[in-house]
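Chains as they are written, first to last, in this note's numbering: chain A, 1 to 124; chain B, 125 to 270; chain C, 271 to 548.
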């Protein structure tokens, strides 16, 4: 039953990623064609553009949601592949704990970076 | 007797790669796995690298300078290809695995048609959409001079 | 499918042999078989046994694709030996091996015990809480033809193990339930007479259950009876997810139809015999 819960969330986060990463990818890689969210023109990764984007609170929030969803989706997917190699019960437990710790650490770090940069962008 | 010696005969990881006269869906499954792993690896590095912007504009510019070399450009494009495939095939898998595009149970009449035949149009459409996305991305990556 | 008229010819059978008393691991052995049009792989193996090597072991019974005993790996693809025309898959050479993902007992005989034990673990029978009615039935359970169609396809399973041999997840995870047991768990879940979903979902929704399937689709491709296990597993996932989201429709069990009233037994038809079981 636990697997049903985890898998349902895997699918749900997949849909969230589809929308948010879709926006992210369009911004970053179809910038030459569409040029969304790039007020300064040129490359999407130019400093002026990322500061301009970071001033929008919605971007910071979407980044954090995307971060959480993508970490869950990716780590669950990786766990699925590892579990299908047929590891022993003890190793399965170890993988579960390790992935939770890894996921939470990366989430905390990424959230801190996103919020911090939001403040920096507003400070000037 | 049943307690006799047995010879283990599992295919092992080689079985994931197919390696024979299997249907296209089997290779899409393998590709979904490989692209997923690739994206996860990139994603974790991506979190760490893009966070450099917090420290200074210089740190950001340094990192972006490193990644603007042709090798990384191609690597980045491969990640984009993986994303486009994983996303579009992912939509197909969600529709299938939640039972929307596998059809209803029916009386099997020879030659048998299975749920694979039901989802095949969806599969073809998703491959075409993924190909279009990859082509558009490739145009942006390489043709539009940055 | 149009079949070209083939002339009789010699075909090389590469057979994977394993004798537990002598061999440490399987080895390949060549046999030349004179094949006539219409011969199945099983016929070819019989010819080898009769004219070349009587020690060749295989399992078969009905010779007509009904019993599911003769599942083998033919040219790298799981199939029933009795159901496969030699000329359909080979023009010069043919490889025959025991079904993968099952231990080999001897030569072409796989040990299907894990298949059966996994099958049993998914409660593949009608589960109801009215034990009295099950033991001493007062009538039939009602089921409409439409309700029957919802699971009828999955009842044709002959437990030959081909789907388990073709499944990529089975290749690495020996504890995975596999296509056959999962399809059967759906077959009984969908049966309107059944009320055992809550029992089954613990097994099927577990960490070696339905969610280890990623729709590689091979089980349905190799199934000799058109059972389509891949479809059953996806539909089972849907039931499990709907149940988790509390959106699964509550289904009332089939009503019991009383015995017909106001009819007379025709004199030439005798009364049903009493139960002989204690």
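Glycine included, each C-beta is placed from N, C-alpha and C at the ideal position.
What do you get for residue i, buried or exposed, if any count of 16 or more other CB atoms within 10 angstroms of its CB means buried?
i, result
"residue 3 of chain A", "buried"
"residue 392 of chain C", "buried"
"residue 189 of chain B", "exposed"
"residue 370 of chain C", "buried"
"residue 529 of chain C", "exposed"
"residue 499 of chain C", "buried"
"residue 334 of chain C", "exposed"
"residue 250 of chain B", "buried"
"residue 414 of chain C", "exposed"
"residue 378 of chain C", "buried"
"residue 88 of chain A", "exposed"
"residue 507 of chain C", "buried"
"residue 466 of chain C", "buried"
"residue 287 of chain C", "buried"
"residue 520 of chain C", "exposed"
"residue 133 of chain B", "buried"
"residue 125 of chain B", "Unreliable positioning characterises residue 125 of chain B in this predicted model, as indicated by a pLDDT of 49, which lies under 50. A coordinate reading is not provided."
Just to confirm before moving on: does the CB-CB distance between residue i and residue j stay below 9 Å?
i, j, result
"residue 367 of chain C", "residue 137 of chain B", "no"
"residue 73 of chain A", "residue 10 of chain A", "yes"
"residue 457 of chain C", "residue 424 of chain C", "yes"
"residue 436 of chain C", "residue 347 of chain C", "yes"
"residue 364 of chain C", "residue 281 of chain C", "yes"
"residue 113 of chain A", "residue 177 of chain B", "yes"
"residue 146 of chain B", "residue 453 of chain C", "no"
"residue 17 of chain A", "residue 70 of chain A", "yes"
"residue 505 of chain C", "residue 482 of chain C", "no"
"residue 484 of chain C", "residue 244 of chain B", "no"
"residue 431 of chain C", "residue 450 of chain C", "yes"
"residue 526 of chain C", "residue 411 of chain C", "yes"
"residue 204 of chain B", "residue 265 of chain B", "yes"
"residue 305 of chain C", "residue 359 of chain C", "no"
"residue 247 of chain B", "residue 141 of chain B", "no"
"residue 443 of chain C", "residue 86 of chain A", "yes"
"residue 374 of chain C", "residue 130 of chain B", "yes"
Mapping DSSP to helix, strand and coil, what is residue i?
i, result
"residue 527 of chain C", "strand"
"residue 301 of chain C", "strand"
"residue 366 of chain C", "strand"
"residue 266 of chain B", "helix"
"residue 24 of chain A", "helix"
"residue 276 of chain C", "coil"
"residue 374 of chain C", "strand"
"residue 478 of chain C", "coil"
"residue 315 of chain C", "helix"
"residue 245 of chain B", "helix"
"residue 196 of chain B", "helix"
"residue 497 of chain C", "coil"
"residue 428 of chain C", "coil"
"residue 417 of chain C", "helix"
"residue 282 of chain C", "strand"
"residue 105 of chain A", "helix"
"residue 489 of chain C", "helix"
"residue 344 of chain C", "strand"
"residue 131 of chain B", "strand"
"residue 444 of chain C", "coil"
"residue 349 of chain C", "strand"
"residue 335 of chain C", "coil"
"residue 410 of chain C", "strand"
"residue 329 of chain C", "coil"
"residue 2 of chain A", "helix"
Who are the near neighbours of residue i in its chain, counting only those whose CB is closer than 6 Å to its CB and skipping five residues on each side?
i, result
"residue 159 of chain B", "206, 209 and 210"
"residue 535 of chain C", "none"
Going along chain F in order, which residues have a C-beta closer than 8 Å to the C-beta of residue i?
i, result
"residue 18 of chain A", "Within the model displayed, chain F is absent; protein chains A, B and C are what it includes."
Below 8 Å CB to CB, which residues in the same chain sit around residue i once its five sequence neighbours on both sides are set aside?
i, result
"residue 181 of chain B", "none"
Beta-carbon within less than 7 Å of residue i's beta-carbon, same chain only, minus the 5 sequence neighbours each way: which residues are those?
i, result
"residue 138 of chain A", "What the structure shows of chain A is the stretch from 1 to 124, and residue 138 of chain A is not part of that stretch, so it cannot be assessed."
"residue 37 of chain A", "27 and 53"
**Prompt:** Taking a cut of 9 Å between CB atoms, which residues from the stretch 73-106 of chain A lie near chain C?
**Reply:** Here the close residues are 80, 83, 84, 85, 86 and 92.
Checklist entry - Taking Cβ-Cβ distances below 9 Å as the criterion, which residues of the stretch 499-530 of chain C are in contact with chain A? => result Within the stretch 499-530 of chain C, those residues whose Cβ lies closer than 9 Å to any Cβ of chain A are, in chain order, 507, 510, 511, 513, 514 and 515.
- [ ] Could you list the residues in the stretch 479-496 of chain C with a C-beta less than 7 Å from some C-beta on chain A, going in chain order?
- [x] Listed in sequence order: 479, 481 and 482.
Taking a Cβ distance cut-off of 7 Å, strictly less, list which residues of the stretch 172-191 of chain B are near chain A, in chain order. If the cut-off is 7 Å between Cβ atoms, the stretch 172-191 of chain B has 175, 177, 178, 181, 184, 185 and 188 near chain A.
| said: Taking beta-carbon pairs under 8 Å, can you tell me which members of the stretch 358-379 of chain C lie near chain B? | reply: Under the 8 Å Cβ criterion, the stretch 358-379 of chain C contributes 368, 369, 370, 371, 372, 373, 374 and 375.
- Query: the stretch 2-28 of chain A: which residues have C-beta closer than 9 Å to a C-beta of chain C, in chain order?
  - Reply: Considering only beta carbons, the part of the stretch 2-28 of chain A lying closer than 9 Å to chain C consists of 2, 3, 4, 5, 6, 7, 8, 10 and 11, in chain order.
Taking beta-carbon pairs under 7 Å, can you tell me which members of the stretch 426-439 of chain C lie near chain B? The stretch 426-439 of chain C vs chain B, Cβ under 7 Å: 426 and 438.
Which residues, in order along the stretch 41-60 of chain A, keep a beta-carbon less than 7 Å from a beta-carbon of chain B?
Cβ contacts with chain B: 43, 45, 47 and 50.
When you check each C-beta in the stretch 408-423 of chain C against every C-beta of chain B, which residues fall closer than 7 Å?
-> Listed in chain order, the positions of the stretch 408-423 of chain C with a beta carbon within less than 7 Å of a beta carbon of chain B are 419, 420, 421, 422 and 423.
(message) Using a Cβ-Cβ cutoff of 7 Å, what residues of the stretch 135-158 of chain B are near chain C? List them in chain order.
(response) If you check each beta-carbon in the stretch 135-158 of chain B against every beta-carbon of chain C, the ones closer than 7 Å belong to 135, 136, 137, 139, 140, 144, 145, 146, 147, 149, 150 and 153.
Any C-beta of chain B within less than 8 Å: which residues of the stretch 322-352 of chain C qualify? Against chain B - using a Cβ distance shorter than 8 Å - the residues of the stretch 322-352 of chain C are 345, 346 and 347.
If you measure beta-carbon to beta-carbon, which residues of the stretch 435-469 of chain C are closer than 8 Å to chain A?
Per Cβ criterion, the list reads 439, 442, 443, 444, 445 and 446.
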